[in-house]
Amino acid sequence: MRTYEDFTEGLELPLGPYAVTREEVLEFAREFDPQPFHLDEEAARDSLLGGLSASGWHTCAMMMRMMADSYVLDSSSQGSPGVDYVKWLRPVQPGDVLTGTARVESRRLSAKRPAMGLAKIITVLRNQRDEAVLESEYTLLLLTRAGLAA
């Protein structure tokens, strides 16, 4: 299990691959973001997105799945106090295969809870054409080895 000490500055963690299907794009849109360009092929073709595209929030959910599989579930993660930013850089469409990296930008021990550290992480997702589709920055709370042992 990875603890705060393992999340060193500059560490890059691979994400994916994650294959985006038409069915999941439609299912997510129906439930959470029923805008025409997420639900209707014809309306999507006539939109800025140029074709049926996943909701940006769906893309965030895909990113979370890849992060969970890559490092979160095998770490002393205590969650996150929030996301600094999310940028949707390019539409994510059915048939895309997403990969990415999560890079530790900085880290520090908590002043209030010395058994916990904070890692600032920047995640970039790319499609199969190596085009960046999403960028995000957030803080991950992690127990230290001593905190985990306590």
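Under the UniProt record's numbering, residues 1 to 150 are what the sequence shown spells out, in order.
Note that the Cβ used here is the ideal one computed from N, Cα and C, for glycine as well.
Apart from the five residues just before and just after Glu9, which ones in its own chain have a Cβ nearer than 8 Å to its Cβ?
-> Val104, Glu105, Ser106, Arg107
Leu52 - DSSP class collapsed to helix/strand/coil | coil
Do the region 55-66 and the region 13-25 meet, that is, are 3 or more Cβ pairs less than 8 Å apart?
-> yes
Quick one, are the C-beta atoms of Met64 and Leu15 less than 7 Å apart?
-> No. Outside cutoff.
Leaving out the 5 sequence neighbours to the left and right, which residues in its chain are closer than 8 Å to Gly82 when beta-carbon positions are compared?
-> The answer, listed in chain order, is Tyr138, Thr139.
Same chain, Cβ closer than 8 Å to Asn127, five either side skipped, listed in chain order = Arg90, Val92, Asp96, Val97, Leu98, Val133
Where Leu39 sits in the DSSP three-state scheme = helix
State the DSSP-derived secondary structure class of Gly147, mapped to helix, strand or coil.
-> helix
From Ser76, Asp84, Asp6, Asp40, pick the residue whose C-alpha is nearest to that of Glu135; which is it?
-> With distances taken between Cα atoms, Glu135 lies closest to Asp84.
Backbone CA spacing between Phe7 and Ile122 [nearest angstrom] | The alpha-carbon atoms of Phe7 and Ile122 are separated by roughly 13 Å.
How many angstroms separate the CA atom of Leu11 from the CA atom of Ala29?
-> Leu11 and Ala29 have their C-alpha atoms spaced approximately 34 Å apart.
Compare the Cα-Cα distances from Gly79 to each of Val86, Ala149, Trp88, Ala68 and report the closest residue.
-> Among Val86, Ala149, Trp88, Ala68, the Cα nearest to that of Gly79 belongs to Ala68.
With respect to the beta strand (DSSP E) encompassing Ala115, which residues constitute its N-terminal and C-terminal limits?
-> Careful: Ala115 lies outside any beta strand (DSSP E) and carries neither H nor E.
Glu24 - containing alpha helix (DSSP H), residue span = Element bounds for Glu24: 22-32.
CB-CB under 6 Å to Lys112, same chain, minus the five flanking residues each way: which ones, in chain order?
-> none
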